[in-house]
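Right, one structure below, let's go through it.
Residue numbers (this note's numbering): 485 to 1017.
This is how it looks when you write it as C-alpha cells:
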C-alpha cells in the first residue's frame, strides 16, 4: 500500500509503546542543527549501549511527526560510560526490517549539532511498516563500535472519500457493514420470539441463579454483558467444569444453528440445554418449573403470556412449561444485537463519500489489515467470516490443535446427529411453526467428511473482548489465533480445510489491528444489559 492514494495524511512512529505527537520542524542555523533547546519537546527517547561498551547512545525524535514514506531526521547524543561527551564522531546509519532483509530506501547522513556530542541524522525514510532494527556504526578517538535500536514503524492515514479502495473492495466492505444487516429473521418455531413481555420475562430468567442445582449459576454467569456476553474463561464453568468455551450471544438471533457443534436448531431449544446439563446449571425441568410456581412475580408473568399454570405433577404440563421458559429466554436473547463500531462508521463514510469523523478515521495499519482481511489471495478471511456479522454460520475444520479429552471430538458430524434426534428440534411437537419452515434441518448436509471435526464459525464482532478463543478456548489472545493461520497445525480429527497463509509478519499484525475496530457498544435496551431490579 502506498501513500499516493490518500489526499490527507497524518503519520506517526511508535517506538515501543510511545507515540509521536504533532510538533514543528527544526530550524537550521549556520549549517549546524539547533537541537539543544528541543530536547524537552521530543516525543520519544531511546537509550542503548554499544556492543563493545565504548558508547552510550540516546536516540530521540527530532521531528516528532516522522511521516511514513517521507524524509525525517533524528537527534543522537553520544557519551562514554562516565557521561563524557563524544565529539567529532563519524556515524553511519543503516536499518533493515526484522522479519526480512528489506532495508531503508535512502542513505541517511549524520551532521554535528551545536552541542559537542550531539548529532543530527537526516534522510531517514521508512517505506514499509513493521519492526525495524536501526544500527549506528560509530568511529571516534575512543574506537569503533555499533549500537542498535529496535523500533516499530506504524502510520496513521486519514482517507477522504474512497481513496485507496477499488469498487470491488467497496462492495465487499458494504457486505460487511452493519448497515447491510437486516432485522433478525422471524422464528416460526417460537410464537413469542418478538413479544416484549416474553423478552422481559426472559431477561429475569437469564440472570436468575435459582435456576441451578446449587443456586449459584445463571445464564449470565457464562454470558456476562461487560465481556460481550462471554465469561473470559478458557472453558465455561457452571456447577462443574465444561469442555466448551462460552461464545457471545450478541447477534445470536441470526444463527440457524446453536452451540459450537450445531446440536440445536433454535434459540429456545438451545436455552434449555444448559439448564439440564449436569456441568452447567445441573438442574432439571421439574425443579425449574417449581421455582416459577413459587415466585409470585414469575407466576403472574407466566400466566399473562402462556395462559394457565402447569400442574407440577403432570409430566406433559412440565414439559410444555419448560419449553415456554426457553421461548421466553430466547425472546430476551433476540434483543441483544450488535451496534455500529468504528469499522462500520468508517465504511459508512466511504460509501457516502464523506470524510470519517476523527474518532472513526482508520490508521494505515487498520486499513492495511482490512485489505488483507478481504483479500482472497492473502488473508482469505471473508471466505468464512463474511456478512455483517462476519460469520457464515457454518462449520469448518481448521485444525485448531487441542489435546486431552477434547482432542477427538467430532464437532458438526456429531452435532448433526444430536439435533436430528432432539425432541425439541424444529420438526418436534413443541415447534410453533409448520414443518415446511424447517428448511435448515431438512436440507442439512449429512454424512459429509468435511463435517468431521468441524465447528461453527464465530462472529468477529466484539472479538477483542471475547478471549480466550475457539471452541475449547485453545488460544488465550487474539495474536495467537491469527498466527495459527501462518503455521496451520494438523487436524486432531478429520481433515483441516486450511493451508498456510503466505503473508508477512506485519500483515498478520495488521489484521489484528483491524479486528480491534470491531468492538463497540451493544444494541439492546439498557435494562437488558444488567440484572433486573
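No residue lacks a Cβ here, since even glycine has one placed at the ideal position from N, Cα and C. A quick note: this is a predicted structure, and the numbers were derived from the prediction, not measured.
Following the continuous beta strand (DSSP E) through residue i, name the residue where it begins and the one where it ends.
i: residue 560; result: 556-563
i: residue 602; result: 602-608
What residue range does the alpha helix (DSSP H) around residue i cover?
i: residue 773; result: 769-778
i: residue 896; result: 896-905
i: residue 533; result: Here residue 533 belongs to no alpha helix (DSSP H); instead the beta strand (DSSP E) covers 529-533.
i: residue 815; result: 799-817
i: residue 741; result: From DSSP, residue 741 is part of no alpha helix (DSSP H); its letter is neither H nor E.
i: residue 966; result: 962-968
i: residue 945; result: Segment: none, residue 945 is in no alpha helix (DSSP H) and carries neither H nor E.
i: residue 831; result: 826-835
i: residue 656; result: 651-660
i: residue 704; result: 703-706
Using three-state DSSP, classify residue i as helix, strand or coil.
i: residue 1007; result: strand
i: residue 543; result: strand
i: residue 852; result: helix
i: residue 684; result: helix
i: residue 995; result: helix
i: residue 926; result: helix
i: residue 627; result: strand
i: residue 936; result: coil
i: residue 953; result: strand
i: residue 519; result: Because residue 519 sits at a pLDDT of 33, beneath the cut-off of 50, its placement in the model cannot be relied upon, and the following sentence gives the value as read from the coordinates. Coil.
i: residue 570; result: coil
i: residue 725; result: strand
i: residue 1002; result: helix
i: residue 696; result: coil
i: residue 977; result: coil
i: residue 677; result: coil
i: residue 911; result: coil
i: residue 664; result: helix
i: residue 787; result: helix
i: residue 865; result: helix
i: residue 1034; result: What the structure shows of the chain is the stretch from 485 to 1017, and residue 1034 is not part of that stretch, so it cannot be assessed.
i: residue 873; result: coil
i: residue 781; result: helix
i: residue 470; result: Here the chain has residues from 485 to 1017 only, and residue 470 is not among them.
i: residue 986; result: coil
i: residue 756; result: helix
i: residue 734; result: coil
i: residue 842; result: helix
According to DSSP, which residues form a beta bridge with residue i?
i: residue 579; result: 618
i: residue 747; result: Per DSSP, none; premise fails for residue 747.
i: residue 1028; result: Any answer about residue 1028 is impossible in this case: the structure gives the chain only from 485 up to 1017.
i: residue 596; result: 603
i: residue 880; result: 939
i: residue 959; result: 953
i: residue 822; result: 1006
i: residue 714; result: 708
Check your understanding: Does the stretch 648-658 come within contact of the stretch 763-783, defined as at least 3 CB pairs closer than 8 Å?
Key -> no
Check your understanding: Can you find at least 3 beta carbon pairs, one from the stretch 904-914 and one from the stretch 946-954, that sit closer than 8 Å?
Key -> no
Practice item. Assess, as a yes-or-no matter, whether the stretch 622-631 is touched by the stretch 804-812 under the definition of 3 or more beta carbon pairs within less than 8 Å. Key: Using a C-beta cut-off of 8 Å, the stretch 804-812 makes no contact with the stretch 622-631, since fewer than three inter-stretch Cβ pairs fall below that distance.
Practice item. Flag this pair as touching only if the stretch 656-672 and the stretch 827-841 have three or more C-beta atom pairs under 8 Å; answer yes or no. Key: yes
Exercise for review: Please confirm if the stretch 695-713 is in contact with the stretch 835-854, defined as three or more CB-CB distances below 8 Å between the two stretches.
Suggested key: no
Exercise for review: Could you tell me whether the stretch 898-912 touches the stretch 955-971, using the rule of 3 or more Cβ pairs below 8 Å?
Suggested key: No: the two stretches stay apart, fewer than three of their Cβ pairs being nearer than 8 Å.
Review point. Is the stretch 561-579 close to the stretch 595-604, with three or more CB pairs under 8 Å?
Key: yes
Exercise for review: Evaluate contact between the stretch 978-990 and the stretch 861-877, counting only Cβ atoms and requiring at least three cross-stretch pairs below 8 Å.
Suggested key: The stretch 978-990, when compared against the stretch 861-877, does touch it at the 8 Å Cβ threshold.
Review point. Taking three-plus beta-carbon pairs below 8 Å as touching, is the stretch 844-859 in contact with the stretch 994-1002?
Key: yes
Review point. Do the stretch 813-826 and the stretch 676-689 make contact, defined as three or more Cβ pairs closer than 8 Å?
Key: The stretch 813-826 makes contact with the stretch 676-689, as at least three CB pairs between them are under 8 Å.
Review point. Are at least three pairs of beta-carbons, each pair with one atom in the stretch 934-943 and one in the stretch 873-882, less than 8 Å apart?
Key: yes
Check your understanding: Quick one: any contact between the stretch 998-1014 and the stretch 709-729, if contact means 3 or more CB pairs under 8 Å?
Key -> yes
Exercise for review: May I ask you to verify whether the stretch 780-790 touches the stretch 726-740, counting CB pairs closer than 8 Å and requiring at least 3?
Suggested key: no
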